[in-house]
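Residue numbers (the numbering used here): 60 to 220.
Input: a single structure, listed below in structure tokens.
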Amino acid sequence: MNIELESIGTIHTEFKEIEGMPIQPTGAKGIKGTIEIKDKFVDGLKDLKDFSHIHLIYLLHKVEGYKLEVKPFMDTKTHGVFATRSPKRPNRIGMSVVKVNKVEGNKVHVENVDILNGTPLLDIKPYVPQLYEDTIDELKIGWFESKHQKAKSQKSDDRFK
């Protein structure tokens, strides 16, 4: 099956190069960016200003190829790519939760951005944790449990290569 997606806009950030970019939103706290929505999709921004946070779903446009097993920067052993947030995925899709600062016309001003400048945006969804509160009884985060503090200080390395 062939799937076609259309970008709804572009994510603009201070990160012109992959090197030095935060690896996760927790390492990008306070870093600001702007989402520029294509004119034909602007009406879809109605009421977005009433949400404090949103999910950004985007194309990892600088990633080439994929690996089914990867070694995350926070661990010394490999894991299946679907048990990681590695960008080396079969379908180069990235997702981040960011804070909404302001919506002006076709621009959404956000912060806590760990995304490369010029990244094509595929979709925006409101972040609503209450939708999950009755379904997550026994949360487990696998190998990440003992490693998550490392995510705050790490910058990008060769994970896109």
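Note that CB positions come from ideal geometry on N, CA and C, so glycine has one too.
Since this is a predicted model, take the numbers as computed values, not measurements.
Backbone secondary structure at Val140 - three-state DSSP: Translated into the one-based positions of the sequence shown, residue 140 becomes position 81. Here Val140 sits in helix by DSSP.
Within the continuous beta strand (DSSP E) that includes Lys19, where are the two ends? Lying before the first or after the last residue shown, residue 19 is absent from the chain, which here runs from 60 to 220.
Met154: first and last residue of the uninterrupted beta strand (DSSP E) it sits in: One-based indexing of the sequence shown puts residue 154 at position 95. For Met154, the uninterrupted beta strand (DSSP E) run begins and ends at 152-163, by DSSP.
Using the three-state DSSP reduction, which class does Lys184 fall into: helix, strand or coil? Your numbering for residue 184 matches position 125 in the sequence shown. Looking at Lys184 - three-state DSSP - the assignment turns out to be strand.
So, do the segment 145-162 and the segment 115-127 have three or more beta carbon pairs nearer to each other than 8 Å? A contact exists between the segment 145-162 and the segment 115-127.
Using DSSP with H/G/I as helix, E/B as strand and the rest coil, what is Pro84? Taking the first residue of the sequence shown as position 1, residue 84 is located at position 25. If DSSP states are grouped into helix, strand and coil, Pro84 belongs with the helices.
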